Every structure is written in structure tokens, then in C-alpha cells.
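Working notes, beginning with the structure itself.
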Amino acid sequence: MPGVVAYTFDDGPYIYNDQLLSILQKKNVTATFYLVGQMVNQTLQQQGSLKKMLDHGHQLASHTYTHSNLDLMTEAQMRSEISRTSDVMFANSGVRPRYMRAPEGRCSDACTKVMKELGLVISYWNVDTHDWQFTGEKTPAIAVEKSMEEINKVVIQNSNPATDSFILLQHEIHKFSVENLADVVIDAILKKGYRFVSMEECIGEPAYLEGSVLPTKSSSVAPTPAPGTSTSATTSTSSTAVKPTTAGVNGQNGQNGQNGQNGQNGQNGAGIKSAAGWTLFLTVAALGVALF
Ligand SMILES: [Zn+2]
Numbered sequence: 001m002p003g004v005v006a007y008t009f010d011d012g013p014y015i016y017n018d019q020l021l022s023i024l025q026k027k028n029v030t031a032t033f034y035l036v037g038q039m040v041n042q043t044l045q046q047q048g049s050l051k052k053m054l055d056h057g058h059q060l061a062s063h064t065y066t067h068s069n070l071d072l073m074t075e076a077q078m079r080s081e082i083s084r085t086s087d088v089m090f091a092n093s094g095v096r097p098r099y100m101r102a103p104e105g106r107c108s109d110a111c112t113k114v115m116k117e118l119g120l121v122i123s124y125w126n127v128d129t130h131d132w133q134f135t136g137e138k139t140p141a142i143a144v145e146k147s148m149e150e151i152n153k154v155v156i157q158n159s160n161p162a163t164d165s166f167i168l169l170q171h172e173i174h175k176f177s178v179e180n181l182a183d184v185v186i187d188a189i190l191k192k193g194y195r196f197v198s199m200e201e202c203i204g205e206p207a208y209l210e211g212s213v214l215p216t217k218s219s220s221v222a223p224t225p226a227p228g229t230s231t232s233a234t235t236s237t238s239s240t241a242v243k244p245t246t247a248g249v250n251g252q253n254g255q256n257g258q259n260g261q262n263g264q265n266g267q268n269g270a271g272i273k274s275a276a277g278w279t280l281f282l283t284v285a286a287l288g289v290a291l292f
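This is how it looks when you write it as C-alpha cells:
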């Protein structure tokens, strides 16, 4: 889709997540977070932040459980990396991610086959801040300047929003990257004429697997199967949750909005854009609930 940039943050959640959410909210920017399963477990102070990320209209995605090279694993180990991450994310947010990014982008044929069997969307990037390489710079300003080099060259100087689009890689575990770089990246890309979107909107494949339940917003105006059933709907859909190991490739239909709320992206401009897509899911979901 021309004219869009999917802003992606890897390796969290971490202690700068809250700050990052504030920056993104202030700039009205939608992002996608590729989370590491063990980080969700270990970063205790971040408990609850997954729901906050969803609530702010961002997309959650999988970056495996241990952040290890998938190409060195057996098929069973690969499946475990995905299912453990999916389980911990589901427990903390109610969603099971469909988009995955392999650590270091390493996912050769065997890995690709497994991920496809699990119904996942393997996602890479085409412009990189390389922020992790610049954490040792003398000042945040120098680190920002170096992290902007590829963006300046590829996006700002040599692209056209009428024809081009980008998936931009950054990491939320480095202080300067959140505190100093994010603002600069956002301003430069908006000035060039691009619009920030989630991976879901950029790629056009649904964000979550079957069994996912998005948080209900109090401001929601979406139809629900019956008045005041958001809690029971959450319970019932949770109980029918399908693990990605068994969700297969048919997990992409109607998995969103099962308890009738619309648009987890409601706070952001990009989310409104995807509302039409949600309507389709709601129709399917409402039908599914009605059949029960
Ligand atoms: Zn990573």
C-alpha cells in the first residue's frame, strides 16, 4: 500500500514502554510491537502494559519466546517458541498474535514452513534504524543522527509516498531510541508525506489468531450480541481459544471483535482507516455468537 509506514518496535516489553506509548499518543501514531515472550514474563513492572498497548490502538506481534535463532532449532522447539509466546501474550492481553518476526530475521525454509503451518504471517522490514548499534555513542544526539542515516537515505531522499511504503525497524529496549529517536523519526516521516499504520493495515492480513479477544473500550459504540454481555462474551470466547499450534491456516477469519467491540485502534487516525475491515469481522463474529 503506497504512502504508509508501519513503525515496528522489537524486543519488548521493557521499562520504556510507557514513555513510548505517550510519545506515540502525542503524535497520533500507530505502531506494532513485536514482543518477546520471556520479556513479558520477566518485566514485572510491565504487567498490564500489553492491554495498554492494545488500548492505545497498537498492534501486538510475536518475536518468539527466548529471542534465539529459529534456524538452529528443531521443529518442536520452533513451535514451542511460538506457542509459549502466544500463551503469555494471551494471558496478559487476550490476543494471540498472527504476525511474527524471527530474531535477527532468521527464518529459512524449515522455519518458514512451520510458521505457515501455524497460520502466522512472517514479517521482515525494509528500512532499519540500526538503533541497537548506537547505544554506546557519547550523546543521544549522535546516536539519533546515526540511527537516522538509513531513513534519511532510503525514505527521505529516495522515496515517493505516491508509490512507496516501508516497514521500519526500531527497538523499545534502548533508552535513547525511545526518548530521543522516536520523535525525530516520526516528524521526518510525516513531513515526507507518509502515514503511519499498523502491520495489519500495511500488509492487509488480520492481526490476530482465532480465539483472540480485544479489550472492550468504554467508548465503544459497536453492536454486542446482547446488552452488557461484553464480560460474558469475553469469557466464552476465551474458553474457546485456539492455540496457534492448532489454529492452522484458517485462523485468520473472524477472529477479531468476537465480543462485538469495534476498532481497537479507535484512538488513532490509522485505526479509523481500518474500520471497514473490522465491520466484516463483526458481521462474522455477530453471526457466530448468534448461533450459540
Ligand atoms: Zn529482536
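Using UniProt numbering, read the sequence shown as starting at 1 and increasing by one per residue.
Beta carbons are placed, not taken as given, at the ideal position from N, Cα and C, and that holds for glycine.
Nothing here was measured: the structure is a model prediction, and the numbers come from that model.
Measuring from the CB of P13, is there a heavy atom of ligand 1 at a distance below 7 Å? Here residue 13 refers to the residue found at position 13 of the sequence shown. For ligand 1, not one heavy atom lies less than 7 Å from the Cβ of P13.
By a C-beta neighbour count over all protein chains shown, 10 Å radius and 16 as the cutoff for buried, is L169 buried or exposed? Taking the sequence shown and counting its residues from 1, the one referred to as residue 169 is at position 169. L169 is buried by the Cβ-count criterion.
Measuring straight from C-alpha to C-alpha, what distance separates residue 374 and G136? The structure shown does not extend to residue 374, since the chain spans only 1 to 292, so no value can be given for it.
N92 classed as buried or exposed, judged by whether at least 16 other C-beta atoms fall within 10 angstroms: As a working note, residue 92 is residue 92 in the sequence shown. Classification of N92: buried, given that the 10 Å Cβ count is 16 or more.
Would DSSP call D71 helix, strand or coil? Mapped onto the sequence shown, residue 71 falls at position 71. D71: helix per DSSP, three-state reduction.
Continuous beta strand (DSSP E) stretch holding V5: start and end: On the sequence shown, position 5 is the one that residue 5 refers to. Note, V5: beta strand (DSSP E), V4 to D10.
From M148 to R84, what distance separates their C-alpha atoms? Translated into the one-based positions of the sequence shown, residue 148 becomes position 148. Translated into the one-based positions of the sequence shown, residue 84 becomes position 84. Cα-Cα distance, rounded: 34 Å.
For Q133, count neighbouring Cβ atoms within 10 angstroms of its own Cβ and tell me buried if that reaches 16, exposed if not. If you number the sequence shown from 1, residue 133 lands on position 133. With fewer than 16 other Cβ atoms within 10 Å, it is exposed.
Once DSSP output is grouped into helix, strand and coil, what is the label at T112? Residue mapping note: residue 112 aligns to position 112 of the sequence shown, counting from 1. The answer is helix: DSSP assigns T112 an H, G or I state.
Is the beta carbon of I156 less than 8 Å from the beta carbon of A188? Within the sequence shown, residue 156 is the residue found at index 156, counting from 1. Within the sequence shown, residue 188 is the residue found at index 188, counting from 1. Yes; because the gap between Cβ atoms is below 8 Å, this pair is in contact.
Given this structure, state the Cα-to-Cα distance separating Y194 from V154, to the nearest angstrom. Reading the sequence shown from its first residue, position 194 is the one you call residue 194. Reading the sequence shown from its first residue, position 154 is the one you call residue 154. Their Cα atoms are separated by approximately 13 Å.
Would you call E75 buried or exposed, if buried means 16 or more other Cβ atoms sit within 10 Å of its Cβ? In the sequence shown, the residue the question calls residue 75 occupies position 75. Answer is exposed; the Cβ neighbour count stays below 16.
Helix or strand or just coil, what does DSSP make of L20? Within the sequence shown, numbered from 1, the residue matching residue 20 stands at position 20. Helix, per DSSP.
Measuring only from the beta carbon, is S10 closer than 7 Å to any heavy atom that is part of ligand 1? Along the sequence shown, one-based indexing puts residue 10 at 10. The question names Ser, but residue 10 is Asp in the sequence shown. Taking the Cβ of D10 as the reference point, at least one heavy atom of ligand 1 falls within a distance shorter than 7 Å.
C-alpha distance - P206 paired with E200, whole-angstrom precision: Along the sequence shown, one-based indexing puts residue 206 at 206. Along the sequence shown, one-based indexing puts residue 200 at 200. Cα-Cα distance, rounded: 6 Å.
Check whether the Cβ of P97 sits closer than 7 Å to any heavy atom of ligand 1, and report yes or no. Translated into the one-based positions of the sequence shown, residue 97 becomes position 97. It does not: the Cβ of P97 is nowhere closer than 7 Å to a heavy atom of ligand 1.
Closest to L118 by CA distance: which of P103, A182 and P97 is it? For the purposes of this step, residue 118 is taken as the residue at position 118 of the sequence shown. When each option's Cα is compared against that of L118, the closest is P97.
How about H63: is its Cβ closer than 7 Å to a heavy atom in ligand 1? Within the sequence shown, the letter at position 63 stands for residue 63. Because some heavy atom of ligand 1 lies under 7 Å away, the Cβ of H63 counts as near it: yes.
Span separating the alpha-carbon of V144 from that of H171: Against the sequence shown, residue 144 aligns to sequence position 144. Against the sequence shown, residue 171 aligns to sequence position 171. Answer to the nearest angstrom: the Cα atoms are 13 Å apart.
Please name the residue in T66, I151 and L72 whose C-alpha comes closest to that of I82. By 1-based counting over the sequence shown, the position of residue 82 is 82. Nearest option by C-alpha distance: T66.
Should P151 go down as buried or exposed, given a rule of 16 or more other Cβ atoms within 10 Å for buried? Residue 151 sits at position 151 when you count from the first residue of the sequence shown. In the sequence under discussion, the amino acid at residue 151 is Ile, which differs from the Pro named in the question. Looking at its Cβ environment, which holds 16 or more other Cβ atoms inside 10 Å, I151 is buried.
Do H67 and ligand 1 come close, with the Cβ less than 7 Å from some heavy atom? For this step, residue 67 is matched to residue 67 along the sequence shown. Flag set: Cβ of H67 near ligand 1.
Is it right to say M39 is buried, meaning 16 or more other beta carbons lie within 10 angstroms of its own, or is it exposed? Start at 1 with the first residue of the sequence shown, and residue 39 comes out as number 39. Its Cβ being crowded by 16 or more others within 10 Å, M39 is buried.
Just mark L24 as buried or exposed, buried being the case when its beta carbon has 16 or more other beta carbons within 10 Å. Looking up residue 24 in the sequence shown gives position 24. By the C-beta density criterion, L24 is buried, having at least 16 other C-beta atoms within 10 angstroms.
DSSP bridge partner residues for A188 (one or two, in chain order): Here residue 188 corresponds to residue number 188 of the sequence shown, with the count starting at 1. DSSP output for A188 lists no bridge partner at all.
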